[in-house]
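Okay, so here's the structure we're looking at.
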């Protein structure tokens with residue numbers, strides 16, 4: 001694309017969905033304006049750019065909004081030159097898309113249940129079990145996808161690396177808060193090595209929030225939810 | 234790549250239909266293997282160990298799972314009319330609306346159909362209609378969401394095409410997709426279900442009834458578990 005691309009990203013610092021877009025933009029070497037949204041008081045720009053969902057992230061490219069994080073990732077890959085986020089091979093693309101969905105629907109959903117969505121202790125515990133199971137599955141997936149080269153995308157990061165990597169601070173926060181070992185454990189050595197490798201990338205260091213900040217954020221959110229639940233009884 | 238194509242599916246399932254529609258539209262020859270979901274085949278379990286679900290596409294020794302992932306794979310791996318446009322922004326829009334159709338229309342519609350009568354059900358019906366209105370607007374007087382030809386979004390939303398049969402099964406009196414409220418969607422439904430390529434893989438009313446028969450209790454339970462999500 002010719003010079004003069006105007007890029008703006010609306011996001012929130014803890015959101016894995018926003019973080020993965022930051023990764024993608026950094027990989028492509030794109031400069032953009034970032035706006036931190038206050039979800040309790042959404043900006044006019046957010047509401048008008050994503051009237052359907054009113055959610056972040058939203059990427060605004062020359063005034064045109066693109067919404068839904070994985071849609072944005074594919075858009076960034078297709079609209080801009082630079083290192084590919086998705087392979088050109090249809091089968092490799094299909095595998096990546098499959099695991100990208102899994103990483104959100106099974107992995108993210110399980111730690112979110114453990115930390116927030118689970119209403120009872122039993123539900124939270126089920127979330128934890130599901131998290132362990134999902135990590136085991138991803139360990140196997142990494143073995144197959146990386147083909148010994150280090151990332152789900154092979155020699156360089158791809159869609160699945162970004163989707164999973166965007167959750168790293170949260171996975172570590174979940175470890176701190178539960179006392180369990182999730183991604184850094186002995187059960188998933190490939191994932192542990194992948195995590196270390198992924199975290200070293202400049203694009204990643206710039207966008208992944210500190211684990212302490214995420215823990216603090218999570219605790220505040222849990223407190224708010226407990227207070228709301230109490231006042232509803 | 235001229236390797237054989239097999240599709241493992243359950244005829245009558247809207248997810249299986251998406252995969253078949255894509256194959257038919259691209260003119261790909263394939264063997265359809267009907268799976269007994271109560272007694273899954275070795276082939277299915279071996280090639281989709283993660284979810285053990287249909288549809289599953291086998292292309293040579295490649296296995297592709299998840300209906301919309303299959304649709305994109307078919308679009309990219311085979312020659313034939315494109316299912317997704319070439320412009321990145323248009324592609325992003327098609328993918329965005331496909332996700333909307335799946336999460337906010339079909340899913341909510343499912344809850345509306347299988348939740349017993351009451352306030353919760355009325356809420357789901359209202360939500361479904363609100364969301365269908367956005368789909369209605371997306372048609373903008375065109376024949377298909379994809380324009381003159383069926384595209385990715387049409388295929389993603391195709392489950393709306395056999396809504397009336399499901400409404401019958403669920404004992405609904407007045408269809409959620411009424412002519413007056415959704416003239417464009419009703420017209421789209423007619424166009425979609427009468428399209429040459431689609432007709433060949435569209436289950437008949439009886440086949441849909443057969444697929445859903447005996448599932449009613451399970452569907453009601455599933456809808457209940459989805460209530461808060």
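Residue numbers (the numbering used here), protein chains in the order written: chain A, 1 to 233; chain B, 234 to 462.
Backbone N, C-alpha and C define an ideal beta-carbon position, used for all residues, glycine too.
Please confirm if the stretch 169 to 179 of chain A is in contact with the stretch 193 to 211 of chain A, defined as three or more CB-CB distances below 8 Å between the two stretches. For the pair of segments examined, the stretch 169 to 179 of chain A was found to touch the stretch 193 to 211 of chain A: the number of CB pairs separated by less than 8 Å reaches three.
For residue 428 (chain B), three-class secondary structure by DSSP: What you label residue 428 (chain B) is simply residue 195 of the second chain in a count that begins at 1. Coil, per DSSP.
Residue range of the beta strand (DSSP E) that residue 239 (chain B) falls in? As a position in the second chain, residue 239 (chain B) is number 6, starting the count at 1. For residue 239 (chain B), the enclosing beta strand (DSSP E) stretches over residues 238 to 242.
Three-state class that DSSP yields for residue 367 (chain B) in the structure shown: Counted from its first residue, the second chain places residue 367 (chain B) at position 134. Residue 367 (chain B) falls in the helix class under three-state DSSP.
Pull out every residue of the stretch 281 to 300 of chain B whose Cβ sits closer than 7 Å to any Cβ of chain A, in chain order. Taking 7 Å as the Cβ-Cβ cut-off against chain A, the residues of the stretch 281 to 300 of chain B that qualify are 283, 295, 297, 298 and 299.
According to the neighbour-count rule (16 or more other Cβ atoms, all chains shown, within 10 Å of its Cβ), is residue 443 (chain B) buried or exposed? The residue labelled residue 443 (chain B) in the question sits at position 210 within the second chain. With fewer than 16 other beta carbons inside 10 angstroms of its own, residue 443 (chain B) counts as exposed.
On the criterion of 16 or more Cβ atoms from any shown chain inside 10 Å, does residue 64 (chain A) qualify as buried, or is it exposed? The residue given as residue 64 (chain A) occupies position 64 in the first chain. Under this definition residue 64 (chain A) is an exposed residue.
Which value, in whole angstroms, describes the spacing of the CA atoms of residue 261 (chain B) and residue 388 (chain B)? Numbered from 1 along the second chain, position 28 holds the residue referred to as residue 261 (chain B). Numbered from 1 along the second chain, position 155 holds the residue referred to as residue 388 (chain B). Each residue's Cα considered, the two are about 16 Å apart.
When the cut-off is 8 Å and only beta carbons count, does residue 460 (chain B) lie next to chain A? The residue you call residue 460 (chain B) lines up with position 227 of the second chain. Output row for residue 460 (chain B): interface = no.
Name the residues in the stretch 128 to 158 of chain A whose C-beta lies less than 7 Å from a C-beta of chain B; which are they? Under the 7 Å Cβ criterion, the stretch 128 to 158 of chain A contributes 137.
For residue 159 (chain A), is the classification buried or exposed, using 16 other Cβ atoms within 10 angstroms of its Cβ as the cut-off for buried? On the first chain, residue 159 (chain A) is found 159 positions in, with the first residue counted as 1. Classification for residue 159 (chain A): buried.
Use the C-beta contact count for residue 167 (chain A): other C-beta atoms within 10 angstroms, 16 or more gives buried, fewer gives exposed. In the first chain, the residue the question calls residue 167 (chain A) occupies position 167. Counting of Cβ neighbours within 10 angstroms places residue 167 (chain A) among the buried residues, the total reaching 16 or more.
Three-state secondary structure assigned by DSSP to residue 453 (chain B): Numbered from its first residue, the second chain carries residue 453 (chain B) at position 220. In the three-state reduction of the DSSP assignment, residue 453 (chain B) falls in the helix class, which pools H, G and I.
Boundaries of the beta strand (DSSP E) in which residue 264 (chain B) is found, first to last residue: Along the second chain, read from residue 1 onward, the residue named residue 264 (chain B) stands at position 31. Looking at the DSSP string, the run of the beta strand (DSSP E) that includes residue 264 (chain B) is 264 to 267.
Say whether the stretch 51 to 71 of chain A touches the stretch 5 to 18 of chain A, bearing in mind that this needs 3 or more beta-carbon pairs closer than 8 Å, one atom from each stretch. Touching, yes, given that three or more Cβ pairs across the two stretches are closer than 8 Å.
Is there a C-beta anywhere in chain B that falls below 8 Å from the one on residue 123 (chain A)? In the first chain, residue 123 (chain A) corresponds to position 123, counting from 1. Using a CB distance cut-off of 8 Å, residue 123 (chain A) does not count as an interface residue toward chain B.
What does residue 90 (chain A) reach in chain B if we use C-beta pairs closer than 7 Å? Looking up residue 90 (chain A) in the first chain gives position 90. Within chain B, the residues placing a beta-carbon under 7 Å from that of residue 90 (chain A) are 306, 309 and 310, ordered along the chain.
For the putative contact between residue 446 (chain B) and residue 347 (chain B), defined by C-beta atoms under 8 Å, what is the C-beta separation to the nearest angstrom? Counting from 1 along the second chain, the entry for residue 446 (chain B) is found at position 213. Counting from 1 along the second chain, the entry for residue 347 (chain B) is found at position 114. Approximately 14 Å separates the beta-carbon atoms of residue 446 (chain B) and residue 347 (chain B); this is outside 8 Å, ruling out the contact.
Coil, strand or helix - residue 60 (chain A) by DSSP: By one-based count along the first chain, residue 60 (chain A) stands at place 60. Residue state, collapsed to three classes: strand.
Is residue 165 (chain A) helix, strand or coil by DSSP? Sequence index remark: in the first chain, residue 165 (chain A) carries index 165 (1-based). Helix at residue 165 (chain A).
Closest Cα partner of residue 99 (chain A) within the set A:137, A:221, A:24 and A:210: Translated into the one-based positions of the first chain, residue 99 (chain A) becomes position 99. If you compare the alpha carbons of A:137, A:221, A:24 and A:210 with that of residue 99 (chain A), the shortest gap goes to A:137.
Output the boundary residues of the alpha helix (DSSP H) element that contains residue 179 (chain A). Along the first chain, read from residue 1 onward, the residue named residue 179 (chain A) stands at position 179. Run containing residue 179 (chain A): none; DSSP gives neither H nor E here.
Using a 10 Å radius around the Cβ and a threshold of 16 neighbouring Cβ atoms, would you call residue 114 (chain A) buried or exposed? The residue given as residue 114 (chain A) occupies position 114 in the first chain. Residue 114 (chain A) is buried by the Cβ-count criterion.
Could you tell me which chain A residues have their CB closer than 7 Å to the CB of residue 321 (chain B), listed as they occur along the chain? Reading the second chain from its first residue, position 88 is the one you call residue 321 (chain B). The CB of residue 321 (chain B) comes closer than 7 Å to the CB of 75, 78 and 79 in chain A, given here in chain order.
Using C-beta distances below 6 Å, list every residue in its chain close to residue 342 (chain B), excluding the 5 sequence neighbours before and after it, in chain order. The count along the second chain starts at 1 and reaches residue 342 (chain B) at position 109. Within the same chain, residue 342 (chain B) has close Cβ partners 361.
Would residue 332 (chain B) count as contacting chain A if we go by Cβ distances under 8 Å? Residue numbering aside, residue 332 (chain B) sits at position 99 when the second chain is read from its first letter. Chain A contact via Cβ: present.
Check for me: the alpha helix (DSSP H) holding residue 389 (chain B) runs from which residue to which? For the purposes of this step, residue 389 (chain B) is taken as residue 156 along the second chain, with counting starting at 1. Start and end: 385 to 389.
Can you tell me which of the three DSSP states residue 65 (chain A) falls into? Residue 65 (chain A) sits at position 65 when you count from the first residue of the first chain. Residue 65 (chain A) falls in the strand class under three-state DSSP.
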